[in-house]
């Protein structure tokens with residue numbers, strides 16, 4: 003099988019730049035998720051590989067050979083689309099078999115039967131797409147993409163239009179299904195959990211630029227920038243503007259008027275004027291009791307999300323933070339005055355101007 | 328919402344009946360006229376009950392028109408045939424040229440694309456009479472006067488813009504991803520066009536084809552000037568009913584019925600496809 | 121007496137040449153003053169029809185709807201004193217965002233200063249102060265949705281109806297806005313009903329959730345009730361993320377209760393004391409029964425049962441471990457990271473007290489012990 007390589011690929015439509023020097027390698031059998039906010043250029047990137055757009059600069063290689071000049075049908079690529087893109091006038095069987103027919107493969111019926119058994123759609127093979135549920139449509143589209151044993155598999159947010167329960171099932175099933183094909187897989191998604199669950203590595207794309215490519219746990223623990231940190235986590239990370247100072251040999255910063263001790267780590271060397279302090283809602287502790295390093299706050303509302311209580315807190319200066327904790331750990335309700343703490347090592351610091359993360363906090367390093 | 332009372336429903340029924348009578352009356356009246364002799368038609372007051380006669384149809388089909396001034400030769404059946412040949416040939420040619428062009432306009436953004444498409448549409452804006460004089464001079468020079476090909480060519484002014492603009496809309500409604508998927512499955516763009524785009528735009532192509540057939544069928548001016556008696560369609564041939572001894576209303580009515588029938592049958596047959604529309608599932612997520 | 125009372129409402133859609141569609145069946149619901157209610161279900165479950173009947177865009181086929189003790193099901197929408205935010209936003213394109221939001225207030229003949237003050241305060245709440253002078257077509261989907269929300273919430277109405285109010289919002293903003301809107305509704309004692317297909321949204325915003333399926337109200341209760349005491353199999357498998365694990369088990373009577381088992385791999389003793397009369401009857405009569413356990417209630421690392429790992433996914437703050445146990449695929453969620461690879465066999469704890477047991481008709485006859 004072959005490796006997929008993108009080397010400094012550029013693409014713009016008029017004044018809008020969709021890809022700026024994107025370089026990425028996907029090994030055979032590897033799943034790389036392309037993740038980013040909407041409009042960040044994920045889909046355009048996939049479409050350049052598939053041959054629907056031509057890159058303005060750079061090269062795309064499969065197994066070491068450039069494919070930018072090859073027409074789509076000769077690129078050896080399988081693709082699944084967000085809107086399924088099934089052929090409406092053909093049965094599910096003919097949809098799946100369409101690729102095999104084009105190459106004149108033998109044993110079409112056997113192969114279609116095996117693939118549909120794997121994806122659990124044997125019972126709907128005779129149906130037209132309009133008679134299928136969204137889940138069945140997506141499985142048919144996946145079968146169609148996988149059946150020709152493509153060297154590169156492109157999945158454009160395939161679970162977007164599938165209902166929550168099915169999406170969860172597919173999230174469990176997909177990784178083994180995709181690895182079985184040993185293709186180089188690029189998986190576009192807008193859901194960070196989906197990216198973390200499915201991918202071996204995640205490529206974070208923001209405004210056409212790859213800002214970080216790393217393993218899921220690495221990105222979550224050590225986001226390269228504020229923008230990346232904000233994308234991973236639901237609810238998303240709390241951010242406060244701080245000016246760290248050294249006091250009695252300790253690095254501290256005032257958050258909403260309260261002086262908080264931060265983890266020194268390698269920070270003293272990387273001291274900046276102003277920073278963004280980031281604390282994930284899951285690392286925020288809400289208590290009834292004050293004390294050193296406890297920020298007074300008022301609870302605006304409590305909303306249960308994903309088996310956790312998400313607490314909207316308002317500080318004296320009007321800024322807001324979120325805390326996510328186990329429902330039984332919360333001893334207060336809306337309109338109560340409480341105190342907020344976090345462990346020094348839970349704080350991430352980012353440069354105010356560039357947004358880049360500063361230093362390494364020890365606990366995160368160990369993760 | 329259906330908050331309507333009984334009175335409301337009765338009123339609606341009466342209003343609908345009035346509209347129906349208003350629109351259907353001329354058609355029914357022509358049908359009745361076609362089975363009457365000229366004397367019966369011109370009777371005052373007109374009667375709904377009469378002894379039907381097939382004389383009008385006989386005259387048209389045999390080509391012998393009996394008038395007070397004597398017998399006249401009619402070429403109605405030949406005209407009908409001409410209409411058929413001219414309209415069908417025009418529509419087929421327009422489809423062959425227009426469908427690929429519509430696809431190109433729908434799928435590809437190219438320089439002057441919109442301008443070209445609009446120019447083609449603008450052929451419909453010019454009054455045919457203004458175009459005709461120069462055109463007939465050219466045709467005489469080129470030897471195209473009084474040929475089927477010449478008229479079919481001119482008819483492209485009618486059929487091509489219609490097909491181009493209607494079918495283009497249908498192509499634009501098909502998600503390009505469906506064609507991309509077909510190409511990634513290993514098919515060339517030609518196959519994607521013939522096996523995916525054309526079948527999916529089928530209803531639109533049928534609608535556009537039917538409309539342009541009707542427009543070609545009903546055209547009068549082009550054929551009047553550019554064709555002589557043996558190439559003329561029914562619309563021009565109908566002039567023969569205005570004779571020295573008066574207007575042959577019965578025959579006109581019969582001629583109308585005969586010339587409307589093919590288009591009507593075609594429309595009824597195609598209706599199925601027209602209504603089916605593009606809602607074939609999966610086109611939209 | 122409730123603020124909104126829906127009494128045995130039916131909705132049938134007739135279309136020519138097809139059998140009528142029964143979109144809502146015998147719906148009974150009472151919403152209290154100041155309560156936030158979510159209508160939750162998958163597409164086609166009747167939730168949107170219900171909302172549109174309350175708003176007055178659909179007539180009721182049978183039954184009655186009363187708002188603040190006034191029957192409203194025969195009134196035109198404008199006379200019902202309801203404010204609605206539409207899923208498709210339906211903003212007025214020629215008006216600026218500010219004019220869109222203030223539109224209904226103008227009709228109420230409020231003073232200019234009062235309107236400006238109200239518009240500004242709601243705009244601040246949903247973070248659209250900076251786009252107040254823009255026109256709708258210049259806005260992103262998320263911004264349009266916030267404008268549409270603001271336009272509904274700024275009005276004085278007896279009832280606020282929100283159709284998928286946050287579906288298009290940027291994920292980074294969603295959690296904060298949910299909190300703020302919930303705070304606003306609670307502070308002013310506003311009564312609201314919103315439609316959603318997203319249970320996270322329903323549980324985050326609503327005081328009570330009405331779960332609908334096939335036009336039938338399946339259960340109406342707080343998020344905690346739905347999770348801890350699901351009425352039937354549908355609610356049990358619909359509510360909760362990841363979905364509840366369901367096992368098909370053989371039933372046998374034994375000393376002091378019942379024995380539920382799958383082959384020889386997995387067996388539970390269900391004590392008679394934990395069952396009420398109907399529960400006991402259901403198990404006496406059944407040979408097999410469906411049993412459910414929430415992924416959060418399966419502990420990994422200790423216990424009698426054995427789980428052959430199929431997948432192990434770390435999502436940053438929790439692990440989702442899926443594995444095979446006694447011929448069923450089970451999913452467990454833990455807050456710590458689990459070091460196991462596909463193919464590994466790990467011990468896991470399934471406890472009898474954590475099981476929901478369902479009768480033959482899908483009705484839940486015993487709930488898991490509350491935590």
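Chains as they are written, first to last, in my numbering: chain A, 3 to 369; chain B, 328 to 612; chain C, 121 to 491. Idealized CB from N, CA, C, for every residue including glycine.
Chain-ordered, the chain C residues with CB closer than 8 Å to the CB of residue 302 of chain A read 299, 300, 303. Within 10 angstroms of the beta-carbon of residue 361 of chain B lie 16 or more other beta-carbons, which makes it buried. Secondary structure at residue 347 of chain A: helix, using DSSP grouped into helix, strand and coil. Per DSSP, residue 404 of chain B is one residue of the alpha helix (DSSP H) stretching across 403 to 434. Counting only residues of its own chain and dropping the five nearest sequence neighbours on each side, residue 248 of chain C has a CB closer than 7 Å to the CB of 217, 263, 266, 267, 270.
At least one beta carbon of chain A lies nearer than 8 Å to the beta carbon of residue 320 of chain C. Pairwise C-beta distances place the segment 26 to 43 of chain A in contact with the segment 192 to 204 of chain A, as three or more of them are shorter than 8 Å. Bounds of any beta strand (DSSP E) do not take in residue 167 of chain C; it lies within the alpha helix (DSSP H) bounded by 167 to 175. Your pair residue 70 of chain A and residue 94 of chain A does not check out as a contact, with CB atoms roughly 33 Å apart and the cut at 8 Å.
Under the 8 Å criterion on CB atoms, residue 91 of chain A is classed as interfacial with respect to chain B.
By the neighbour-count criterion, in which a residue is buried when 16 or more other Cβ atoms sit within 10 angstroms of its Cβ, residue 250 of chain C is exposed. Distances from the alpha-carbon of residue 572 of chain B to those of B/466, B/351, B/350, B/393 put B/393 closest. Taking each of A/214, A/311, A/325, A/300 in turn and checking the Cα distance to residue 317 of chain A, the smallest one comes out for A/300.
Closest in C-alpha terms to residue 450 of chain C, from the list C/403, C/379, C/418, C/235, comes C/418. If you look at residue 89 of chain A, you'll find it isn't in any beta strand (DSSP E); DSSP assigns it neither H nor E.
Listed in chain order, the non-local C-beta contacts of residue 402 of chain C below 6 Å within the same chain comprise 479, 485, local neighbours out to five positions each way being set aside. Using a Cβ distance threshold of 8 Å, residue 435 of chain C and residue 355 of chain A do not count as a contacting pair. In this structure residue 44 of chain A is buried. Its beta-carbon is surrounded by 16 or more other beta-carbon atoms within 10 angstroms. Close to residue 229 of chain A, with beta-carbon spacing below 8 Å, lies no residue of chain C; the smallest spacing is near 10 Å.
If you ignore the 5 residues before and after residue 168 of chain A, its C-beta comes within less than 7 Å of the C-beta of 137, all in its own chain and listed in chain order. In its chain, beyond the 5 residues on either side, 121, 123 have a beta carbon closer than 6 Å to the beta carbon of residue 141 of chain A. Within the same chain, and ignoring the five residues on either side of residue 296 of chain A in sequence, the residues whose Cβ sits closer than 6 Å to its Cβ are 341, 343.
Against chain B, a Cβ distance below 8 Å from residue 74 of chain A picks out 507, 510, 511.
Taking the Cα positions, residue 351 of chain B is about 59 Å away from residue 153 of chain C.
The DSSP-derived three-state label of residue 101 of chain A is helix. Under the DSSP assignment, residue 450 of chain B falls outside any alpha helix (DSSP H); it carries neither an H nor an E label. Boundaries cannot be given for residue 310 of chain C, as no beta strand (DSSP E) includes it and DSSP labels it neither H nor E. Taking the Cα of residue 311 of chain C as reference, the smallest distance to any Cα among C/328, C/412, C/147, C/181 is reached at C/328. For residue 467 of chain C, the enclosing beta strand (DSSP E) covers residues 465 to 469.
DSSP assignment within the segment 323 to 370 of chain C yields the following whole beta strand (DSSP E) runs of 3 residues or more, N-terminal first: 328 to 333, 336 to 341. Residue pairing for residue 244 of chain A: DSSP places it in a beta bridge opposite A/277.
Cβ neighbours of residue 150 of chain C within its own chain (closer than 6 Å, five residues either side excluded): 122, 125.
Neighbourhood of residue 83 of chain A in chain B, by CB distance below 7 Å: 504, 508, in chain order. Sequence-distant Cβ neighbours of residue 220 of chain C in its own chain, meaning closer than 8 Å and more than five residues away, are 211, 212, 256, 267, 271.
Residue 183 of chain A: member of the alpha helix (DSSP H) spanning 166 to 183, first to last residue. Under the three-state reduction of DSSP output, residue 198 of chain A falls in the helix class.
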